[in-house]
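In full-length UniProt numbering, the protein residues as written are 1 to 93. Cβ coordinates follow ideal geometry from the N, Cα and C atoms, glycine included. Just so it is clear, the structure is predicted and the values come from calculations on it, not from any experiment.
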Amino acid sequence: MRVAAMRMEFFLPGVTSLKEKRMLLQSFKDKVDNDFNVSVSEVENQDLWQRSVIGVASVSSDKNQLEKIFSAIIQRADETHGMELIDRKVNYY
1 MRVAAMRMEF FLPGVTSLKE KRMLLQSFKD KVDNDFNVSV SEVENQDLWQ
51 RSVIGVASVS SDKNQLEKIF SAIIQRADET HGMELIDRKV NYY
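Take a look at the structure:
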C-alpha cells in the first residue's frame, strides 16, 4: 500500500473577501475530489483572503498511479483561473 500527501500553497490575486475565497476554493476542491477521487481540504491560512494552503491525500497500491494523479492535480491547479500555485510538496509513504 502506498500513501501520498501533497501540500499546495496558492496566491489568490483577485480575491477581495473571505466569501470569494471560499467560493473559489470550494469549486476547485469539488472538481479535484470528483475527478481524481482524493481527499482535499484547506489546511492553513483560512483567515487570509489571498492565501491558501490545500492538502491532498490519496492511497493506492501503485506509486506510479499516485504520481500520475498528483501530476494531473498540479496541472489542474495551474490551469485554474484566479489561483496561482506558488509552492507544492508531495510526500510518499
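Worksheet item: What did DSSP end up calling Leu-85 once you bin it into helix, strand or coil?
Response: In the three-state scheme derived from DSSP, where H, G and I count as helix and E and B as strand, Leu-85 is classed as strand.
Practice prompt. Determine the DSSP secondary structure at Val-32, reduced to helix, strand or coil.
Written response: Collapsing the DSSP output to three states places Val-32 in a helix.
Item to complete: Please check the pair Asn-91 and Ala-4, which I expect to be a contact at CB under 8 Å, by giving their CB distance rounded to whole angstroms.
Response: About 7 Å separates the two Cβ atoms, so the contact holds.
Fill in: Residue from Leu-85, Asp-87, Asp-62 with nearest C-alpha to Tyr-93
Ranking Leu-85, Asp-87, Asp-62 by Cα distance to Tyr-93 puts Asp-62 first.
Worksheet item: What is the DSSP secondary structure of Met-6, counted as helix, strand or coil?
Response: If DSSP states are grouped into helix, strand and coil, Met-6 belongs with the strands.
Worksheet item: With C-beta atoms as the reference, is Asn-45 less than 8 Å away from Val-56?
Response: Cβ atoms of Asn-45 and Val-56: not closer than 8 Å.
Item to complete: Helix, strand or coil for Ser-61, going by three-state DSSP, please let me know.
Response: In the structure shown, Ser-61 falls within a coil segment according to DSSP collapsed to helix, strand and coil.
Worksheet entry | Beta-carbon proximity list for Glu-84, same chain, < 7 Å, skipping 5 on both sides | These residues qualify, in order along the chain: Phe-10, Phe-11, Pro-13.
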